[in-house]
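Participant:
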Amino acid sequence: MRRILLGKDKVFQGDLILVNARYPYHEEYQGKNVDVEGTALAADAANALDLAMGRMDGWKNIVPVSGWRSREEQQEIWDESMRDNGEAFTRTYVAVPGHSEHQTGLAIDLGLRKEEIDFIRPDFPYEGVCQTFREHAAEFGFVERYPSGKEPVTGIGHEPWHFRYVNTVHARFMKEMGMVMEEYIPFLTQFVHGENPYKMEMNGCEVLVSYRRAERAGQTEMEVDERAEVSVSGNNVDGFVITQWMKERH
Ligand SMILES: [Zn+2]
Numbered sequence: 321m322r323r324i325l326l327g328k329d330k331v332f333q334g335d336l337i338l339v340n341a342r343y344p345y346h347e348e349y350q351g352k353n354v355d356v357e358g359t360a361l362a363a364d365a366a367n368a369l370d371l372a373m374g375r376m377d378g379w380k381n382i383v384p385v386s387g388w389r390s391r392e393e394q395q396e397i398w399d400e401s402m403r404d405n406g407e408a409f410t411r412t413y414v415a416v417p418g419h420s421e422h423q424t425g426l427a428i429d430l431g432l433r434k435e436e437i438d439f440i441r442p443d444f445p446y447e448g449v450c451q452t453f454r455e456h457a458a459e460f461g462f463v464e465r466y467p468s469g470k471e472p473v474t475g476i477g478h479e480p481w482h483f484r485y486v487n488t489v490h491a492r493f494m495k496e497m498g499m500v501m502e503e504y505i506p507f508l509t510q511f512v513h514g515e516n517p518y519k520m521e522m523n524g525c526e527v528l529v530s531y532r533r534a535e536r537a538g539q540t541e542m543e544v545d546e547r548a549e550v551s552v553s554g555n556n557v558d559g560f561v562i563t564q565w566m567k568e569r570h
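The sequence shown begins at 321 in our numbering and counts up one residue at a time.
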């Protein structure tokens, strides 16, 4: 076994942070963003998106409309939309400044390439290359963040164009469970780390997913299998999600 120590700040960082009207994004922990097709995204999300588009020759017909935004930019979009579209529209399609997934660098709005692109509600139809991307998005670590029917849960209107990077393990798990982040993050807390992790098979590898609540004060200590490749993400609520890829024993 190998010991891991995590500071409280790690609760607010990682691929699985839940950011919505209730849980703000902690901007002080902003990671580095990189450029993908002229848009800034967190490195892992950018690489995954580029890989997906490369596989389906997507950039020919798809444009990244909006990736990472600073809090200030989110505020400008909010103010503009309030002025031009009114409060009801804005509250449905624009996240409150400080609470936008776009501030994390893990979210991307995609649009069908055409002459005029609506910045707030780009066209990303359920057909053609857009649908091909949607169907394969989970294989590259992306989920449709605001699907139809989940409006009461997410608090945001149906947004066919907004995708969120959570990595391939969790994108697949979320898709299988038919859950959005607001459902998935609480759901994971039942798989207590060191007691009853969820086990799944991925690319011939056993993957263990578990949850550990953060200590109220000081660092949180946990043990992981030394044979595993481990990734830990905060959930932006109260703890950590641990993903362990078990390597084969030889
Ligand atoms: Zn968006």
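Note that CB positions come from ideal geometry on N, CA and C, so glycine has one too.
CB-CB under 6 Å to A427, same chain, minus the five flanking residues each way: which ones, in chain order?
Facilitator: Excluding positions up to five away in sequence, the list reads E421 and R484.
Participant: What is the C-beta distance between T452 and M376, in whole angstroms, given that I count them as a contact (C-beta under 8 Å)?
Facilitator: 5 Å between Cβ atoms; contact.
Participant: Would you kindly report the start and end of the unbroken alpha helix (DSSP H) that includes P506?
Facilitator: M501 to L508 is the extent of the alpha helix (DSSP H) around P506.
Participant: Quick check on P384: does DSSP put it in helix, strand or coil?
Facilitator: Looking at P384 - three-state DSSP - the assignment turns out to be strand.
Participant: Within 7 Å: the Cβ of H422 and any heavy atom of ligand 1?
Facilitator: H422 Cβ: within cutoff of ligand 1.
Participant: I'd like to confirm the pairing. Which residues does DSSP put opposite L361 in its beta bridges?
Facilitator: V354.
Participant: Going by the CB atoms, is the gap between E471 and H482 shorter than 8 Å?
Facilitator: No; because the gap between Cβ atoms is not below 8 Å, this pair is not in contact.
Participant: Going by DSSP in three states, Q423 sits in which element: helix, strand or coil?
Facilitator: The answer is helix: DSSP assigns Q423 an H, G or I state.
Participant: Would you say Y531 and G554 are within 8 Å of each other, going by their C-beta atoms?
Facilitator: Result no, Cβ atoms of Y531 and G554 do not sit closer than 8 Å.
Participant: Thinking C-beta only, is E503 closer than 8 Å to V463?
Facilitator: Cβ atoms of V463 and E503: not closer than 8 Å.
Participant: Return the CA-CA distance between S468 and M499, expressed in angstroms with no decimal places.
Facilitator: When rounded, the distance between both Cα atoms is 12 Å.
Participant: Just reading off the alpha helix (DSSP H) that R342 is part of, what are its end residues?
Facilitator: No alpha helix (DSSP H) holds R342; DSSP gives it neither H nor E.
Participant: How is the beta strand (DSSP E) around G559 delimited, first residue to last?
Facilitator: Taken as a continuous stretch (DSSP letters only), the beta strand (DSSP E) holding G559 covers G559 to M566.
Participant: Could you name the residues of the same chain whose beta carbon sits closer than 6 Å to that of P480, not counting the 5 residues immediately before and after it, in chain order?
Facilitator: Only F444 meet the Cβ criterion.
Participant: What do you reckon, is the C-beta of D545 under 7 Å from a heavy atom of ligand 1?
Facilitator: Checking the Cβ of D545 against ligand 1 gives no.
Participant: Could you tell me which of V552, D364 and E455 sits nearest to E541, measuring between CA atoms?
Facilitator: The candidate whose alpha carbon is nearest that of E541 is V552.
Participant: Using the DSSP secondary-structure output, state which residues sit across from E541 in a beta bridge.
Facilitator: Paired residue(s): L325.
Participant: Identify, in the order they occur along the chain, each residue of the same chain with its Cβ nearer than 8 Å to the Cβ of A548, setting aside the five sequence neighbours on each side.
Facilitator: Answer for A548: L528, Q564, W565, M566 and K567, listed in chain order.
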